[in-house]
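Participant: My questions will all concern the structure given below.
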Amino acid sequence: MTRFLIVDDHPLFREALQSVIHRDWPAAEIREADSIEQAEVLLGGGLAVDLALLDLSMPDARGFDGLLRIRTAFPRLPIVVVSGMEDGRIVREALSYGIAGFIPKSVRRDELGRAIGEVMAGNVYVPDNLPEPAPAAPDGKADLVAKLKTLTPQQVRVLKMLRQGLLNKQIAFELAVGETTVKAHVSEILRKLGVYSRTQAVIEASKIDFDHVLAEADG
Numbered sequence: 001m002t003r004f005l006i007v008d009d010h011p012l013f014r015e016a017l018q019s020v021i022h023r024d025w026p027a028a029e030i031r032e033a034d035s036i037e038q039a040e041v042l043l044g045g046g047l048a049v050d051l052a053l054l055d056l057s058m059p060d061a062r063g064f065d066g067l068l069r070i071r072t073a074f075p076r077l078p079i080v081v082v083s084g085m086e087d088g089r090i091v092r093e094a095l096s097y098g099i100a101g102f103i104p105k106s107v108r109r110d111e112l113g114r115a116i117g118e119v120m121a122g123n124v125y126v127p128d129n130l131p132e133p134a135p136a137a138p139d140g141k142a143d144l145v146a147k148l149k150t151l152t153p154q155q156v157r158v159l160k161m162l163r164q165g166l167l168n169k170q171i172a173f174e175l176a177v178g179e180t181t182v183k184a185h186v187s188e189i190l191r192k193l194g195v196y197s198r199t200q201a202v203i204e205a206s207k208i209d210f211d212h213v214l215a216e217a218d219g
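For the sequence shown, UniProt numbering gives the first residue as 1, with consecutive numbering after it.
Have a look at this one:
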């Protein structure tokens with residue numbers, strides 16, 4: 001049996017997705033989550049699904065944070081973003097996180113079904129009319145390296161532990177400092193890297209030869 005998980009906080013759109021899925025996969029089992037937290041609970045509880053359809057705009061997540069939380073915790077889960085945000089740069093950034101496709105909410109029902117079918121067949125779905133993004137910075141990696149090198153040695157150590165999945169309490173124990181100090185370091189790391197969540201900080205650090213760069217900064 002094919003299993004789907006719909007992660008969207010709009011009941012009417014969840015119903016529309018269910019209708020399209022049941023039309024093409026009549027025997028499919030569909031589970032729903034109206035928040036990222038609920039999706040994490042379902043998946044963490046052992047729910048096995050063949051495809052998750054995820055909205056980027058969720059009440060308990062900003063920007064790509066919800067997608068990154070799910071991708072980090074369940075890296076083998078195929079995810080398709082179904083979103084009302086259709087800017088080319090947003091689509092490309094979402095695809096850079098390893099999703100199986102990006103479906104604009106504005107597509108017609110037939111195209112929505114075709115898109116899901118493409119992904120279920122093992123392909124990556126991208127809208128045909130994907131707009132060209134605005135010109136990117138000439139050297140994004142150089143910019144990221146420069147940001148990483150602004151971290152203090154202690155912030156470098158904290159970021160390394162974030163990459164290992166340690167919680168603030170565990171980091172505080174390892175560094176023999178208070179949790180409040182760790183939180184302050186994390187806030188500074190996010191500010192310096194220009195991100196808004198620890199998950200994004202880890203993703204950013206993974207885009208380059210992190211250990212080599214931070215070894216220089218830590219040295």
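Where a beta carbon is used, it is the ideal one built from N, C-alpha and C, also for glycine.
Taking the beta carbon of residue 106 as the centre, do at least 16 other beta carbons fall within 10 Å, making it buried, or is it exposed?
Facilitator: Residue 106 sits at position 106 when you count from the first residue of the sequence shown. Under this definition residue 106 is an exposed residue.
Participant: Between the C-alpha atoms of residue 29 and residue 159, what's the straight-line distance to the nearest angstrom?
Facilitator: Residue mapping note: residue 29 aligns to position 29 of the sequence shown, counting from 1. Residue mapping note: residue 159 aligns to position 159 of the sequence shown, counting from 1. For residue 29 and residue 159, the distance between alpha carbons rounds to 40 Å.
Participant: Name the one or two DSSP bridge partners that residue 3 has.
Facilitator: Position 3 of the sequence shown, counting from 1, holds the residue named residue 3. For residue 3, which the question treats as bridged, DSSP gives the partners 29.
Participant: Since residue 78 and residue 50 are thought to touch, with beta carbons under 8 Å apart, how far apart are those beta carbons, to the nearest angstrom?
Facilitator: Taking the first residue of the sequence shown as position 1, residue 78 is located at position 78. Taking the first residue of the sequence shown as position 1, residue 50 is located at position 50. Sure, about 7 Å apart at Cβ, within 8 Å.
Participant: Looking only at its chain, what residues have a beta carbon closer than 7 Å to the beta carbon of residue 138, apart from the 5 residues adjacent to it on each side?
Facilitator: Sequence index remark: in the sequence shown, residue 138 carries index 138 (1-based). Caution applies to residue 138, whose pLDDT of 47 falls short of 50 and renders its modelled position unreliable; the model cannot decide the point.
Participant: Just confirm the distance between the C-beta atoms of residue 80 and residue 101, as a whole number of angstroms; I'd bet it's less than 8 Å.
Facilitator: Within the sequence shown, numbered from 1, the residue matching residue 80 stands at position 80. Within the sequence shown, numbered from 1, the residue matching residue 101 stands at position 101. Contact holds; Cβ gap of about 4 Å.
Participant: On the CB-based measure, 16 or more other CB atoms within 10 Å of its CB, does residue 200 come out buried or exposed?
Facilitator: What you label residue 200 is simply residue 200 of the sequence shown in a count that begins at 1. Residue 200 comes out buried.
Participant: Are the CB atoms of residue 31 and residue 17 nearer to each other than 8 Å?
Facilitator: By 1-based counting over the sequence shown, the position of residue 31 is 31. By 1-based counting over the sequence shown, the position of residue 17 is 17. Not closer than 8 Å, so no.
Participant: Just to confirm the assignment: which complete alpha helix (DSSP H) runs, minimum length 4, are found wholly within the UniProt domain "Response regulatory" (3 to 120)?
Facilitator: Complete alpha helix (DSSP H) runs here, min 4: 11 to 24, 36 to 44, 65 to 73, 88 to 96 and 109 to 120.
Participant: Compute the Euclidean distance between the alpha carbons of residue 121 and residue 8, then round it to the nearest angstrom.
Facilitator: Stepping through the sequence shown from its first residue, residue 121 is reached at position 121. Stepping through the sequence shown from its first residue, residue 8 is reached at position 8. About 23 Å.
Participant: What whole-angstrom Cβ distance do residue 147 and residue 193 have, given they're in contact under 8 Å?
Facilitator: Position 147 of the sequence shown, counted from the first residue, corresponds to residue 147. Position 193 of the sequence shown, counted from the first residue, corresponds to residue 193. Correct: roughly 5 Å between the Cβ atoms.
Participant: When DSSP labels each residue in this structure, what does residue 192 get in the three-state scheme?
Facilitator: Walking along the sequence shown from the start, residue 192 turns up at place 192. Helix, per DSSP.
Participant: Under 8 Å between the Cβ atoms of residue 103 and residue 115?
Facilitator: On the sequence shown, residue 103 is found 103 positions in, with the first residue counted as 1. On the sequence shown, residue 115 is found 115 positions in, with the first residue counted as 1. Contact flag set, yes.
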